[in-house]
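Numbering (the working numbering), first residue to last: 5 to 164.
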């Protein structure tokens, strides 16, 4: 469960949840589940964008505390500013990812997933069996001589 006050713990938990999702989506037995998964990823990506902005702001808001390992304050400021710039660039890339996820989510929402059809040879429904029409043997044109070129393919029901 998220703590809503411990970013280190919550980030580790989010990472673990994404790892679990990566494992769980290796196979999707019901393709209709993709809609909910994409919707959750979209919401999560929007939250990730907010987190990245907040991390960039934290680097800039605390420049007075930034030093490198040798204690150089100027080098720490440069590193913090560079980190904030890179985080802002990552946020911009996430905006594009959000747009693509949203488009995929909308397309997925238009899909009606039907169950696999039952193979024809196991079907016992008379509605799938060919129904006789007028003509010899109940099929085809009664005025076409049997065996003529026009009769090829006629006289027997088509198999599907």
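C-beta atoms are modelled at their ideal positions from N, C-alpha and C, and glycine is treated no differently.
DSSP three-state call for residue 36: helix, strand or coil?
Start at 1 with the first residue of the chain shown, and residue 36 comes out as number 32. In the displayed model, residue 36 falls within coil according to three-state DSSP, outside both helix and strand.
Are residue 70 and residue 84 closer than 9 Å when you measure CB to CB?
Along the chain shown, read from residue 1 onward, the residue named residue 70 stands at position 66. Along the chain shown, read from residue 1 onward, the residue named residue 84 stands at position 80. The answer is yes: Cβ separation under 9 Å.
Could you check whether residue 79 and residue 72 sit closer than 9 Å to each other, using their CB atoms as the reference points?
The count along the chain shown starts at 1 and reaches residue 72 at position 68. The count along the chain shown starts at 1 and reaches residue 79 at position 75. In this structure, residue 79 lies closer than 9 Å to residue 72 by Cβ.
For residue 10, name the three-state secondary structure that DSSP assigns.
Start at 1 with the first residue of the chain shown, and residue 10 comes out as number 6. Here DSSP, grouped into helix, strand and coil, assigns residue 10 to coil.
Helix, strand or coil at residue 55 [DSSP, three-state]
Looking up residue 55 in the chain shown gives position 51. The answer is helix: DSSP assigns residue 55 an H, G or I state.
Residue 122: first and last residue of the uninterrupted alpha helix (DSSP H) it sits in
For this step, residue 122 is matched to residue 118 along the chain shown. First-last for residue 122: undefined, no H or E at that position.
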